[in-house]
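In my numbering, the protein residues as written are 215 to 353. Down below is the structure, laid out as structure tokens.
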Amino acid sequence: MGIESINRLYETEFRGIPFSERAIFIPHCLRHKECKAERSIEGIICINCGRCNIGSFKKEAEALGYRVFIVPGASIIKKIIEKYKFKAVLGVACLPELKQGIELMKKRGIAALAVPLLKDGCVDTKVDWNKVKAITNLK
């Protein structure tokens with residue numbers, strides 16, 4: 215199934231879940247190449263330096279109640295999902311990672327929406343932040 219089909223399938227369920235029970239997973243490859251953020255067991259801890267769009271997006275999403283994680287891959291997502299028991303997830307990633315993440319959420323009964331990267335390749339990647347904000351109800 216394509217990403218748009220999956221998003222249509224889970225959108226109503228996703229929107230019915232409170233923000234506080236939703237997570238957003240952003241790939242670490244969206245960071246600026248000179249990012250000074252620290253690593254933790256839950257991914258990258260953004261210092262909101264302004265070199266990329268992650269910090270401002272994270273601040274806005276967390277103000278609504280979302281938990282935002284900047285992660286290097288799917289293995290850490292499993293641990294975070296198990297720890298926090300989220301009921302809905304928005305994943306931003308390259309297509310192979312999205313496919314793996316969607317399968318993981320499906321097995322756990324979690325409503326998952328996805329936004330694929332516009333440019334992937336693990337470095338200097340790009341995403342349509344307006345699309346991410348639209349899904350998360352940010353302007």
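The beta-carbon is built from N, C-alpha and C at its ideal position, and this holds for glycine as well.
Collapsing the DSSP output to three states places F239 in a strand.
Of the candidates V282, L223, F233 and I258, F233 places its Cα closest to the Cα of N351. Taking the Cα positions, L278 is about 11 Å away from E235. Between L318 and the set F300, L332 and N344, the nearest pair of CA atoms involves F300.
Counting only the Cα atoms, K321 lies some 31 Å from G269. By the Cβ test, the region 332–346 is in contact with the region 235–251, since at least three Cβ pairs between them sit closer than 8 Å. Here Y298 is exposed. Its C-beta has fewer than 16 other C-beta atoms within 10 Å.
Fewer than three beta-carbon pairs drawn from the region 282–299 and the region 218–229 are found closer than 8 Å, and the two stretches are therefore not classed as touching.
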